[in-house]
Amino acid sequence: MSLFNSLSLLIPVLAVERPRTGTAGTLYYILAAFLAITVLIGISMMSKVKTSVKGNLIGSISMLLMIILTLWYWDIFSFVELYIGMLVGTGLGIWLSIKVDMIQMPQMVAILNGFGGVASMLAGILTLIAAGDGSTTDIFSLVTAGLAIFVGALTFTGSVIAAFKLHAIITQKPVVFKRHALWTGLTIVASLVTVVFLSIPAVLAVTVAKAILIILCTILSGLFGVIFAIRVGGADMPITISLLNSFSGVAGSIAGLAISDPLLVAVGGIVGASGLLLTQIMCRSMNRKLMDILLGKTSAPQLKGTKTPAMATTGGGVAVPADDFVETSVEVPVEPEVPTGPAYAKWLNDAEKVIIVPGYGMALSQAQPLVKNLANELEEAGKQVEFAIHPVAGRMPGHMNVLLAEVDVPYEKLHEMEEINPQFEETDIAIIIGANDVVNPAANTAEGTPIYGMPVLNVEEAKHLIIMNYDKQPGYAGVDNPLYDEGREDQIALLLGDAKESLQTLQKEYRLGFCPVEVKEEIESEDAVPAHVDWLDAAETVIIAPGYGMALSQAQSVVKQLADELEQKGKQVEFAIHPVAGRMPGHMNVLLAEVDVPYEKLHEMDEINPKFASTDVAIIIGANDVVNPAANTAEGTPIYGMPILNVEEAKHVIIMNYDKQPGYAGVDNPLYEEGRGEKIALMLGDATESLKSLLQDLREYCA
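This is how it looks when you write it as structure tokens:
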């Protein structure tokens with residue numbers, strides 16, 4: 004529906020021109036009606052997965068024809084500035100389509116909604132300017148011009164806030180100001196009062212008064228947009244995006260009324276109605292009331308106490324994490340064995356405080372999900388974990404903050420250099436992930452070099468260091484890093500290579516490094532087949548339920564690979580799509596369509612739910628709230644009463660999530676509880692890596 008913004012950006016020019024009349028005008032109305040119908044057809048087709056691509060194409064072509072028709076009707080082909088603007092906009096659109104990942108598409112949609120709002124706001128402003136003293140302009144046009152400013156401004160600022168929240172630029176939690184309701188009421192009332200005054204010809208006759216009122220209306224309406232959007236939580240932001248999409252259509256429609264353009268009125272109305280219907284559908288799917296969302300009302304999430312990580316004990320009294328290993332009947336000596344494994348595994352096991360230092364290598368490898376997983380695992384073991392952020396780490400200010408925010412590392416865990424540097428002295432281990440110059444001690448001693456005198460993170464003061472870099476080459480400054488020198492193995496461990504692979508090695512050694520030799524060899528043996536591999540090998544029917552974790556990891560290509568290999572083994576594979584899985588309606592459908600998953604394999608919730616009871620294995624990939632059985636029982640929680648995918652009814656369930664934390668709703672998922680290993684297998688960590696691990700185990704099992 005944001006296609007409408009391409010047309011609405013013409014509104015400011017139309018606001019000060021006059022259209023064709025006579026036969027040309029009649030032809031315009033006929034063509035406008037035809038194109039409005041094609042837009043409706045395109046939107047209708049976009050509501051179905053199988054025809055969505057064609058529907059989008061029809062909508063795009065219709066909008067292009069509308070732009071051409073509008074240029075002709077208003078006879079503005081001679082406006083050179085218009086073509087320059089359209090060229091710039093086209094170039095920007097092409098660039099964004101290439102650069103913006105699908106996972107960032109909700110943010111882009113929000114910004115496009117905002118652009119539509121700005122266009123409508125400018126149309127209202129230009130209409131009032133062109134009206135002069137208002138004596139020759141009808142009251143209806145003046146009122147609608149003021150309303151266009153009001154709705155357009157609040158749509159823009161609300162959309163910007165929504166995009167910032169989705170992109171973790173500002174907190175995704177609801178922000179409630181002191182006397183929030185009062186400020187909400189004051190801004191909306193004051194905005195509407197200015198709209199009323201702007202419709203009075205006597206007021207418009209005073210140029211200064213008109214200018215002040217236009218500015219006040221714009222500012223107050225923009226403030227209202229901020230105030231209403233800022234109190235919406237991240238989990239409810241997709242609904243707000245849909246509502247703002249509707250607002251952008253309403254703003255354009257009102258602007259069309261102000262300048263007497265029926266095409267703008269029609270298309271704006273279509274977009275407004277479609278956005279409102281989508282908002283209602285999403286509210287219903289999430290069992291939420293729109294007013295509760297806009298007023299920031301949420302049920303109190305369940306509080307989680309500090310839990311000691313669950314451990315399974317082998318026959319020899321050796322504790323290993325219960326979630327990571329399938330219980331096996333392994334005979335081990337009664338006598339305790341001396342722990343084996345790299346020294347850094349013992350350092351990490353003994354540590355009480357850990358500081359993680361991310362750098363560009365983490366960004367390059369897109370390893371932030373594994374970093375988050377490692378931090379969670381260490382915290383579950385009772386260790387204090389903090390993050391040290393150097394102001395120039397990465398390729399732009401805040402680069403590390405954004406990447407870590409993507410995987411929901413709490414903001415309070417991210418510390419600037421001045422705050423964290425004094426803490427290294429009391430830190431047991433500093434883990435450096437792809438950072439070089441910003442931790443190079445040579446900055447304090449190597450006079451004449453590019454980094455001399457540059458403040459760095461004092462990682463060398465930590466008791467032990469684990470450094471994950473691709474190699475031992477200098478960083479961008481070209482200055483050798485003494486942390487890589489030989490003979491420091493008692494304090495520093497180097498894990499060279501890709502950051503993702505190094506993190507996986509670290510986690511594996513941390514988990515296994517303190518098992519007796521016999522237990523470790525048995526766990527690493529190819530004969531120790533995980534139970535869930537047996538389940539999949541014996542299965543005849545499999546249902547895959549994708550979620551935001553798949554999108555975050557960009558794992559859809561591996562999901563397709565898994566589905567193909569299972570089907571090659573004669574298994575029936577289907578996909579279960581929850582209407583609010585991901586960050587916007589149809590998010591999962593689009594991602595799976597990208598990798599050519601057949602449309603007929605994608606089933607909506609109502610269609611697929613009855614099939615779970617007869618399914619051998621359900622595989623959940625990065626979904627949480629939409630499969631949480633607590634929605635049926637946990638009264639007073641945000642998800643109570645929300646329809647979910649009935650994955651629990653399957654014979655076996657394989658769950659791939661980053662960790663066992665609750666989803667956006669903050670409600671614990673009983674599927675993660677201990678003691679369900681006979682039915683449920685948890686594969687924690689990055690979805691792509693979990694899928695690759697499952698694929699490898701399946702291939703080796705059948706080899």
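Taking the numbering used here, the leading residue of the sequence shown gets 4, the next gets one more, and so forth.
Backbone N, C-alpha and C fix where the C-beta goes; we use that ideal spot for every residue, glycine too.
Can you give the Cα-Cα distance for residue i and residue j, rounded to whole angstroms?
i              : j                 : result
serine 302     : alanine 261       : Note on serine 302: pLDDT 39, under 50, position unreliable in the model; the coordinate value appears next. Approximately 42 Å, taken between the alpha carbons.
threonine 430  : valine 441        : 18 Å
alanine 166    : threonine 140     : 38 Å
tyrosine 414   : phenylalanine 143 : 49 Å
glycine 490    : alanine 637       : 57 Å
serine 696     : leucine 499       : 22 Å
lysine 176     : isoleucine 244    : 16 Å
glutamate 676  : aspartate 662     : 12 Å
leucine 67     : proline 601       : 30 Å
glycine 689    : leucine 150       : The question names glycine, but residue 689 in the sequence shown is aspartate. The straight-line gap from Cα to Cα measures roughly 48 Å.
leucine 43     : leucine 219       : 37 Å
cysteine 518   : asparagine 592    : Because the pLDDT of cysteine 518 is 47, which lies under 50, any placement of that residue in the model is unreliable, and the number read from its coordinates should be weighed accordingly. If you take the alpha carbons of cysteine 518 and asparagine 592, they lie about 44 Å apart.
leucine 605    : isoleucine 580    : 7 Å
glycine 666    : threonine 29      : 55 Å
threonine 691  : valine 630        : 20 Å
proline 646    : proline 582       : 10 Å
threonine 221  : isoleucine 215    : 10 Å
isoleucine 61  : alanine 134       : 37 Å
lysine 386     : glycine 92        : 51 Å
proline 425    : glutamate 577     : 54 Å
asparagine 472 : glutamate 422     : 25 Å
leucine 377    : glycine 96        : 38 Å
asparagine 439 : asparagine 484    : 7 Å
glycine 255    : glycine 45        : 19 Å
glycine 117    : methionine 553    : 28 Å
leucine 1      : alanine 148       : Outside the displayed span of the chain (4 to 706) sits residue 1, for which this structure offers no information.
isoleucine 70  : serine 63         : 11 Å
Opposite residue i in the DSSP bridges: which residues?
i              : result
leucine 674    : Partner(s): none; leucine 674 has no beta bridge.
isoleucine 359 : Phe390, Ile434
alanine 496    : Ile469
asparagine 660 : Leu687
glutamine 575  : Thr544
isoleucine 580 : Glu607
leucine 417    : Phe390
proline 549    : Ile624
Excluding sequence positions up to five away, which residues of its chain have a Cβ less than 6 Å from the Cβ of residue i?
i                 : result
aspartate 411     : none
glutamate 382     : Val388
proline 2         : Here the chain comprises residues numbered 4 to 706, so residue 2 is not present and cannot be evaluated.
phenylalanine 153 : Ser194, Val198, Ser224
methionine 686    : Met659, Ser693
valine 146        : Ser202
threonine 452     : Val482
histidine 535     : Ile657, Ala684
isoleucine 33     : none
threonine 309     : With a pLDDT of only 38 at threonine 309, under 50, the local geometry of the prediction cannot be trusted, and the value read off the model is given with reservation. Answer for threonine 309: no residue qualifies.
Looking only at its chain, what residues have a beta carbon closer than 7 Å to the beta carbon of residue i, apart from the 5 residues adjacent to it on each side?
i              : result
alanine 621    : Ile546, Ala548, Phe615, Val650, Ala653, Val656
leucine 74     : Phe80
tyrosine 455   : Ala446, Ala449
isoleucine 186 : It is tryptophan, not isoleucine, that sits at residue 186 in the sequence shown. Cβ neighbours of tryptophan 186 beyond the five flanking positions: Phe180, Ile230.
isoleucine 87  : none
asparagine 404 : Ile392, Leu417
alanine 542    : Lys574, Asp619, Val620
methionine 294 : none
Spatial neighbours of residue i within its chain, please: CB distance less than 8 Å, with the 5 preceding and 5 following residues excluded, ordered by chain position.
i             : result
alanine 113   : Ser162, Val163, Ala165, Ala166, Leu169, Ile244, Leu247
aspartate 136 : Pro204, Leu207, Ala208
glutamate 607 : Ile580, Pro582
threonine 54  : Met48
serine 368    : Gly437, Asp501, Ala502, Lys503
leucine 698   : Val561, Gln564, Leu565, Glu568
Quick one: any contact between the stretch 204-224 and the stretch 242-261, if contact means 3 or more CB pairs under 8 Å? no
Is there contact between the stretch 432-440 and the stretch 354-364, where contact requires at least three CB pairs shorter than 8 Å? yes
In chain order, each beta strand (DSSP E) run of at least 3 residues that lies wholly inside the stretch 605-645: 605-607, 620-624
Counting Cβ pairs, one atom from each stretch, are 3 or more of them under 8 Å apart for the stretch 157-177 and the stretch 222-232? yes
Secondary structure, alpha helix (DSSP H): runs of 4+ residues fully inside the stretch 201-240: 204-207, 210-233
Any chance the stretch 454-468 sits against the stretch 500-509, with 3 or more Cβ pairs inside 8 Å? no
Kindly confirm or deny that the stretch 623-638 and the stretch 549-569 touch, where touching means at least three C-beta pairs closer than 8 Å. yes
Going along the chain, which unbroken runs of the alpha helix (DSSP H) with 4 or more residues stay wholly within the stretch 61-118? 83-102
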